[in-house]
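Here's the structure we're looking at; comments come further down.
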Amino acid sequence: MPSHPAPAKNYDEAIRLFENLRSQEPPGMNPLCVNQLLTHGFRTELAIVLVHGYTSAPPQFEALGKEFFNKGYNVLIAALPHHGFSDRMTEEHGRLTAGELAAYADRSLDIATGLGSHVTMMGLSAGGVTAAWAAQQRKELDLCIIISPAFGFRKIPTLLTWPAMVFYRLLPDSFEWWDPELKANGASSYGYPKYSHHALTEVLRLGFDVKDEARSGSPAAKKIIMVLNPNDDMVNNEMAEQLTEIWKNRGANISTFTFDAGLKLPHDLVGADQSAQRIDI
């Protein structure tokens, strides 16, 4: 999946790109979930892009974003395509595609390049897959932090992930509750309580694209950190470890950080409204 970079040349251009992004926000978005830019008013040494997970929204990273801002970063938290609507039962997110996630990564890094001299991207889950694509494609990325990436899902064995992706892409789309017992109460106040099978296959498709590209060329990012949570009950860590090995074999500057299992961290370990979040660590 090709990249189409058009990085901002300076701070003013980055602001214009962000304002253009805001102007393209669709009607019906939750005011709390619009694209967010925390800026010091000038190009700083450090800039970071924070990429939320599928069916979540920018508030997932709001608390962590403020921490980075207080450390001197300019911070961009942009909503993934089809995310952030006030109607939490919308099925709009079923239209999400791998190409849209790649374009989102390109656009976010185009802005961030004008916000800071040293650019970091950090993504969680589907946001982690999106960040991994950026790490493979974008030379402007100085540091990529990939947290619990959804290259596969824990309930699906690694060898069956590709066949399952193909199978569900062929079927008509369907939606299921993330939590069948809590239903609409089983998600954050800004997140969608249902997931789309088609959307999840598109996240997987982007992940497989990253692996295919990694087998034929080194990642463009200067440094990559893969962050894994052994207690994650959502994603398949083995598939993240496979990509790590591929990148290592290509000579990438990559390291892995694994949280202590004793912390019993949930999949969403950054969301401000998650009682078990641990941005302090």
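Heads up, the sequence shown is in numbering that gives the first Met the number 0, so the first residue is 0 and it goes up one at a time.
Ideal placement from N, C-alpha and C gives every residue a C-beta, glycine not left out.
Q) CB-CB under 7 Å to Pro-80, same chain, minus the five flanking residues each way: which ones, in chain order? A) Here residue 80 refers to the residue found at position 81 of the sequence shown. In chain order, Leu-95, Glu-99, Tyr-103 place their CB closer than 7 Å to the CB of Pro-80, counting only its own chain and leaving out the 5 sequence neighbours on each side.
(Q) According to DSSP, is Ala-46 part of a helix, a strand, or is it coil? (A) Your numbering for residue 46 matches position 47 in the sequence shown. Ala-46: strand per DSSP, three-state reduction.
Q: Find the nearest neighbour of Gly-27 within the set Phe-67, Gln-59, Leu-45, Arg-87, judged by alpha-carbon distance.
A: As a working note, residue 27 is residue 28 in the sequence shown. Nearest option by C-alpha distance: Arg-87.
Q: Can you tell me which of the three DSSP states Ile-14 falls into?
A: On the sequence shown, position 15 is the one that residue 14 refers to. DSSP places Ile-14 in helix when its eight states are reduced to three.
Q. For Gln-35, which residues does DSSP report across the bridge?
A. As a first step, residue 35 must be located in the sequence shown, where it is residue number 36. Gln-35 is bridged to Ile-76.
Q. Quick one: Cα of Asn-73 to Cα of Leu-170, how far?
A. Counting from one through the sequence shown, the residue named residue 73 turns up at place 74. Counting from one through the sequence shown, the residue named residue 170 turns up at place 171. Each residue's Cα considered, the two are about 43 Å apart.
(Q) For Ser-195, list the residues DSSP reports as bridge partners. (A) For the purposes of this step, residue 195 is taken as residue 196 along the sequence shown, with counting starting at 1. Phe-174, per the DSSP bridge assignment.
Q: Report yes if the CB atom of Ser-55 is closer than 9 Å to the CB atom of Ser-187, and no otherwise.
A: Taking the first residue of the sequence shown as position 1, residue 55 is located at position 56. Taking the first residue of the sequence shown as position 1, residue 187 is located at position 188. Yes, the pair counts as a contact, with Cβ atoms nearer than the cut-off.
Q) Around the C-beta of Glu-77, are 16 or more other C-beta atoms found within 10 angstroms, so that it is buried, or is it exposed? A) Within the sequence shown, the letter at position 78 stands for residue 77. Reading the sequence as shown, one finds Ala at residue 77 and not Glu. With 16 or more Cβ atoms within 10 Å of its Cβ, Ala-77 is classed as buried.
Q. What residues in its chain sit with their C-beta under 6 Å from that of Ala-220, if we drop five residues either side in the sequence?
A. If you number the sequence shown from 1, residue 220 lands on position 221. Excluding positions up to five away in sequence, the list reads Ala-134, Leu-140, Cys-143.
Q.
According to DSSP, simplified to helix, strand and coil, what is Val-118?
A. In the sequence shown, the residue the question calls residue 118 occupies position 119. Val-118: strand per DSSP, three-state reduction.
Q: Sort Glu-201, Ser-217, Trp-176, Phe-68 by Cα distance to Leu-36 and report the nearest one.
A: Within the sequence shown, residue 36 is the residue found at index 37, counting from 1. Residue Phe-68 is the option with its Cα nearest to Leu-36.
Q | Cutoff 7 Å; reference Ala-5; Cβ partners in own chain excluding five residues on either side | A | As a working note, residue 5 is residue 6 in the sequence shown. Answer for Ala-5: Asp-109, listed in chain order.
Q. Would the beta-carbon of Phe-166 fall within 9 Å of that of Leu-203?
A. Counted from its first residue, the sequence shown places residue 166 at position 167. Counted from its first residue, the sequence shown places residue 203 at position 204. No, they are not a contact pair.
Q.
Assess contact between the stretch 188-196 and the stretch 218-232, defined as three or more Cβ pairs (one per stretch) separated by less than 8 Å. Is contact present?
A. no
Q. Quick one: what does DSSP say Leu-181 is sitting in, helix, strand or coil?
A. Here residue 181 corresponds to residue number 182 of the sequence shown, with the count starting at 1. Coil at Leu-181, not helix or strand.
Q: Compare the C-alpha of Ala-130 against each of Ser-2, Thr-89, Lys-263, Gly-83 and name the closest.
A: As a position in the sequence shown, residue 130 is number 131, starting the count at 1. Checked all of Ser-2, Thr-89, Lys-263, Gly-83; the closest Cα to Ala-130 is Ser-2.
Q: Take Ile-145 as the anchor and find which of Met-121, Glu-175, Val-33, Val-209 has the nearest alpha-carbon.
A: Position 146 of the sequence shown, counting from 1, holds the residue named residue 145. Closest by alpha carbon: Met-121.
Q | Buried or exposed by the 16-neighbour rule on C-beta atoms within 10 Å, applied to Leu-158 | A | As a working mapping, residue 158 is identified with position 159 in the sequence shown. Exposed, since its Cβ has fewer than 16 Cβ neighbours within 10 Å.
Q: Could you spell out where the alpha helix (DSSP H) holding Val-269 opens and where it closes?
A: One-based indexing of the sequence shown puts residue 269 at position 270. Val-269 -> no alpha helix (DSSP H), and no H or E assigned at all.
**Q.** Cβ neighbours of Ser-254 in the same chain (closer than 6 Å, five flanking residues each side left out)
**A.** Against the sequence shown, residue 254 aligns to sequence position 255. Cβ neighbours of Ser-254 beyond the five flanking positions: Ile-224.
Q: Have a look at the DSSP bridge pairing and note the partners of Lys-222.
A: For the purposes of this step, residue 222 is taken as residue 223 along the sequence shown, with counting starting at 1. The bridge partners DSSP lists for Lys-222 are Leu-142.
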